[in-house]
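**Student:** Have a look at this one.
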Amino acid sequence: DAGTKLGSTFRADERIMTVEEFMWFCRESNLTAYMELKVPLGATDATALVKAITDNGMARRCAILSPNIPDLKLIRDLDKNLQVGFVTSVLDQTNIDYALQVTNSFLYALWTQVTTANYRLALAKGIKLDPWAPTKYADVQTAIKNGARRVITTTIPF
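Numbering (our numbering), first residue to last: 2 to 159.
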């Protein structure tokens with residue numbers, strides 16, 4: 002959540018990394034970069050973003066996330082292999098159907114929504130599921146037990 006005011010940990014004078022710097026950091030740290038689009042993207046910005054990802058050798062270790070299906074379709078049209086995820090805080094058939102509108106996408110769902118039943122519902126449609134934002138080790142374990150292939154967190158819960 003670079004650029005988000007993170008309470009007292011965010012300093013107004015602190016410089017936010019460029020996309021290229023972020024890609025370098027993730028590559029050097031052997032991390033997968035999850036980039037959530039907070040505002041709608043146009044064709045020019047989408048092209049620049051995909052170029053930055055591929056030019057920095059991160060196409061296999063980067064995922065673009067958005068609650069905006071047109072943005073995900075735009076990214077998919079530019080790169081058939083880049084991971085794209087539909088962001089949702091409600092995991093249900095409607096949102097699974099939204100994710101199905103984008104070829105080879107996954108659901109990036111609020112971790113409290115990931116139950117064994119919802120995981121099976123997504124899996125039956127061929128949708129992979131990555132839950133987000135658990136902050137406790139037990140919650141990470143629950144998400145994995147319920148079928149998550151990987152869990153994304155903004156804290157180290159161990």
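No residue lacks a Cβ here, since even glycine has one placed at the ideal position from N, Cα and C.
Using 8 Å as the threshold, is the segment 135-143 in touch with the segment 20-36, meaning 3 or more CB pairs across them?
**Tutor:** Below 8 Å, too few C-beta pairs join the segment 135-143 and the segment 20-36 to call them touching: fewer than three.
**Student:** Check the C-beta distance from Thr104 over to Asn147 and give it rounded, since I have them as a contact under 8 Å.
**Tutor:** Here residue 104 refers to the residue found at position 103 when the sequence shown is read from its first residue. Here residue 147 refers to the residue found at position 146 when the sequence shown is read from its first residue. About 26 Å separates the two Cβ atoms, so there is no contact after all.
**Student:** To the nearest angstrom, report how far apart Ile189 and Arg150 are at their CA atoms.
**Tutor:** Nothing about residue 189 can be reported from this structure: the residues present for the chain run from 2 to 159 only.
**Student:** Could you spell out the range, first to last residue, of the alpha helix (DSSP H) harbouring Ile65?
**Tutor:** Along the sequence shown, one-based indexing puts residue 65 at 64. Careful: Ile65 lies outside any alpha helix (DSSP H), inside the beta strand (DSSP E) at 63-67.
**Student:** Can you tell me whether Ala49 is helix, strand or coil according to DSSP?
**Tutor:** Position 48 of the sequence shown holds residue 49. Helix.
**Student:** Buried or exposed: where does Ala123 fall if 16 or more other Cβ atoms within 10 Å of its Cβ makes it buried?
**Tutor:** As a working mapping, residue 123 is identified with position 122 in the sequence shown. The residue is buried, with at least 16 neighbouring Cβ atoms inside 10 Å.
**Student:** For Gly127, which of Ile97, Leu83, Asp56, Val91 has the nearest alpha-carbon?
**Tutor:** Against the sequence shown, residue 127 aligns to sequence position 126. Gly127 has its Cα closest to that of Ile97, out of Ile97, Leu83, Asp56, Val91.
**Student:** Where does Ala139 land, buried or exposed, given buried means 16+ other C-beta within 10 angstroms?
**Tutor:** One-based indexing of the sequence shown puts residue 139 at position 138. Exposed, because fewer than 16 other Cβ atoms sit within 10 Å of the Cβ of Ala139.
**Student:** Give a yes or no on whether the C-beta atoms belonging to Ala34 and Asp131 are separated by under 9 Å.
**Tutor:** Indexing the sequence shown from 1 puts residue 34 at position 33. Indexing the sequence shown from 1 puts residue 131 at position 130. No.
**Student:** Check Met36 in the structure and name its three-state DSSP category.
**Tutor:** Taking the first residue of the sequence shown as 1, we reach residue 36 at position 35. Reduced to three states, the DSSP call for Met36 is strand.
**Student:** Based on DSSP bridge pairs, tell me the residues matched to Leu108.
**Tutor:** Here residue 108 corresponds to residue number 107 of the sequence shown, with the count starting at 1. Note: Leu108 sits in a beta bridge opposite Phe87, Leu130.
**Student:** Is Thr95 buried or exposed, if buried means 16 or more other CB atoms sit within 10 Å of its CB?
**Tutor:** Along the sequence shown, read from residue 1 onward, the residue named residue 95 stands at position 94. Exposed, because fewer than 16 other Cβ atoms sit within 10 Å of the Cβ of Thr95.
**Student:** Can you tell me which of the three DSSP states Phe159 falls into?
**Tutor:** As a position in the sequence shown, residue 159 is number 158, starting the count at 1. In this prediction, Phe159 scores a pLDDT of 49, lower than 50, which makes its location untrustworthy; the coordinate-derived value is nonetheless stated afterwards. Looking at Phe159 - three-state DSSP - the assignment turns out to be coil, as it is neither helix nor strand.
**Student:** Express the C-alpha separation of Phe87 and Ala53 in angstroms, rounding to a whole number.
**Tutor:** Sequence index remark: in the sequence shown, residue 53 carries index 52 (1-based). Sequence index remark: in the sequence shown, residue 87 carries index 86 (1-based). Computed Cα separation, rounded: 21 Å.
**Student:** Report buried or exposed for Thr19, applying the criterion of at least 16 other Cβ atoms within 10 angstroms of its Cβ.
**Tutor:** By 1-based counting over the sequence shown, the position of residue 19 is 18. Answer is exposed; the Cβ neighbour count stays below 16.
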